[in-house]
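Below is one structure, written out as structure tokens; the observations come after it.
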Amino acid sequence: MKNRELFSQINQVIASKDSEVAELISAESYRQRSTICLIPSENYVSAEVALALASPFTNKYSEGYPHVWKEGNLIDKNGRYYQGQENANKLEKLAIQRALELFTDNPSAYHANVQAISGAPANLAVIGAFLKPGDTLMGLALDYGGHLTHGHKVSVTSHYYNAVHYTLNEEGKLDYDEIERLAEEYKPKLIISGATAYPLKIDFERFGRIAKKVGAILLADISHIAGLCVTGEHPHPFPHADVITSTTHKILRGPRAGVIVCKKEYGPQVDKALFPALQGGPHMNTIAAMAVAFKEAMSEEYKAYAKQVVKNAKVLSEKLKEYKFKLISGGTENHLILIDVVNNENGVTVKNASWFAERLELAGIVTNKNTVPGDAKPWNPSGIRMGTPAVTTLGMKEKEMEKIAELIWLTAKHAEDDSKIAEIRSEVELLVSKFTEDSNFII
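Each residue of the sequence shown is one higher than the one before, counting from 1 in UniProt numbering.
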């Protein structure tokens with residue numbers, strides 16, 4: 001049975017009781033099947049991941065952990081506050097073990113927490129595990145590619161803690177000498193390495209030396225590049241980082257959740273900082289889906305996928321440059337591309353990025369507006385962010401990336417011509433239909 005047929009049968013069951021929700025599910029399925037998804041934080045899950053989410057584990061309340069900590073040692077003993085946990089405990093232990101095998105080369109030296117419901121709670125838990133209110137943390141500024149939880153002014157990470165930010169140099173690259181200077185000046189207790197819109201490789205070894213020099217904990221937020229780190233397509237943060245956090249729903253192709261992996265000595269305080277300090281009962285069905293996704297990410301097929309993600313991004317990047325788009329940082333070394341569509345004297349420009357993102361969507365190309373270095377207001381950015389994880393999951397390769405670059409250029413060229421946009425939309429639907437009809441993923 002094809003996955004689409006499986007999905008259709010499941011939705012028919014929903015429709016028999018709730019036609020309104022079923023219609024929306026069908027509409028969303030069609031939207032995903034008929035558009036090119038270039039949002040780097042989106043992907044498609046396998047049928048196995050989707051079915052694990054729909055398993056009876058969704059019924060179980062499992063507040064606590066399948067283990068307890070005693071004098072810094074993890075004890076294999078039920079630490080839940082509810083009964084009926086024999087299967088939930090086995091499941092969470094399995095997910096933890098798979099996370100350790102996926103993210104480390106020495107599982108016995110590390111600890112994993114799989115209960116975070118997303119990346120933001122994972123980051124908040126780690127920060128809370130090591131910092132007290134008023135302590136200083138340092139992260140990449142939002143308008144230079146950082147995340148809200150890396151100390152942005154609208155995040156609680158800046159309300160409770162003193163946030164200091166590093167930026168990029170004029171070439172759009174991390175300036176490690178400047179990062180070191182700031183660290184020596186402000187003496188942060190925690191440094192965050194990682195980004196949501198940085199297209200180049202991150203030198204975790206250098207970050208580790210900087211953190212050690214000032215006595216800081218190094219948190220590597222690898223939400224965007226986790227799949228590249230675990231397959232050798234990007235330098236790994238361990239052993240340089242003390243803790244890593246990641247979402248599981250981006251390049252890892254898992255459910256919407258977060259994972260924390262830390263040096264084992266920090267396990268007790270990290271666990272306590274997530275539960276009971278921040279969250280209540282974990283979503284056991286999500287943990288089941290995480291376990292499935294972790295196993296998938298350790299396969300040879302996934303390694304080939306990660307390699308193709310990078311190949312596709314580089315081809316898309318180079319073709320966009322040929323079409324005179326302005327690429328932040330000059331190109332890409334990972335899965336992500338960031339283009340400035342406003343400030344480009346010698347190439348493609350449009351009136352603003354928000355409007356262009358909407359025109360691209362009308363053409364069937366789904367991206368997101370994004371700040372670029374120098375933008376004053378995040379709600380009025382100059383950039384478009386795009387990535388190749390989702391299209392690579394569908395099976396697209398270099399040839400399709402060249403075509404997608406052409407379609408993006410044509411959309412910019414004819415952005416105000418609705419009839420031309422409709423023609424581009426037809427081309428998009430024809431292209432994507434070749435890859436979605438027999439996809440092994442839920443679309």
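Heads up, the beta-carbon is just placed ideally off N, CA and C, and yes, glycines get one too.
Separation of residue 24 and residue 257 (C-alpha to C-alpha, rounded to the nearest whole angstrom) is 23 Å. DSSP, reduced to helix, strand and coil, places residue 69 within a strand of the structure shown. Distance from the CA atom of residue 71 to the CA atom of residue 270, rounded to whole angstroms, is 15 Å. For residue 193, the enclosing beta strand (DSSP E) starts and ends at 190-194. Between residue 7 and residue 34, the C-beta spacing is not below 9 Å. The Cβ-Cβ distance between residue 281 and residue 62 falls below 9 Å. Secondary structure at residue 439: coil, using DSSP grouped into helix, strand and coil. Beyond the five residues adjoining it in sequence on each side, residue 397 comes within less than 8 Å, by CB distance, of 308, 311 and 312 in the same chain, given in chain order. If you look at residue 128, you'll find it in the alpha helix (DSSP H) that goes 119-130. In this structure, residue 196 places its C-beta atom within 9 Å of the C-beta atom of residue 145. Burial is judged here by how many other beta carbons sit within 10 angstroms of a residue's own beta carbon; residue 401 has at least 16 and is buried. Just so you know, the alpha carbons of residue 44 and residue 293 end up roughly 11 Å apart. Judged by their CB atoms, residue 330 and residue 172 are nearer to each other than the 9 Å cut-off. Listed in chain order, the non-local C-beta contacts of residue 226 below 7 Å within the same chain comprise 246, 251 and 252, local neighbours out to five positions each way being set aside. Contact between residue 231 and residue 288 does not hold, since their C-beta atoms are separated by about 23 Å, which reaches or exceeds 8 Å. In terms of Cβ geometry, residue 192 and residue 140 form a close pair [threshold 9 Å]. Note: residue 221 is bridge-paired with 194 and 245 in the DSSP secondary-structure output. If only complete runs of 3 or more residues are kept, the stretch 251-312 shows the beta strand (DSSP E) at 258-263, in order along the chain.
Ranked by Cα distance from residue 67, the options 57, 73, 78 and 439 are led by 78. The beta carbons of residue 148 and residue 166 sit about 16 Å from each other, so the pair does not count as a contact at 8 Å.
Residue pairing of residue 136 in beta bridges, as defined by DSSP: 162. Pairing residue 153 with residue 162, the inter-Cα distance amounts to about 10 Å. In this structure, the beta-carbon distance from residue 334 to residue 414 does not fall below 9 Å. For residue 112, the uninterrupted beta strand (DSSP E) segment begins and ends at 110-113. Counted as a single uninterrupted DSSP element, the beta strand (DSSP E) harbouring residue 384 occupies residues 383-387. Straight-line measurement puts the Cα of residue 364 at about 18 Å from the Cα of residue 320.
Residue 368 and residue 248 have their C-alpha atoms roughly 20 Å apart. Taking a C-beta distance under 9 Å as the contact criterion, residue 262 and residue 126 qualify as a contact pair. Apart from sequence neighbours up to five positions away, the residues of its chain that approach residue 217 with a beta-carbon distance below 6 Å are 130, 190 and 242, ordered along the chain. The beta carbon of residue 92 is closer than 6 Å to those of 66 and 287 in its chain, skipping five residues each way along the sequence.
About 6 Å separates the CB atoms of residue 47 and residue 442; that is less than 8 Å, so the two are in contact.
When the beta-carbon positions are compared, residue 199 and residue 317 come within less than 9 Å of each other. Secondary structure of residue 369 (DSSP, three-state): strand. The alpha carbon of residue 428 has as its nearest neighbour, out of 440, 405, 416 and 438, the alpha carbon of 405. Here residue 342 is near residue 382, since their CB atoms are less than 9 Å apart.
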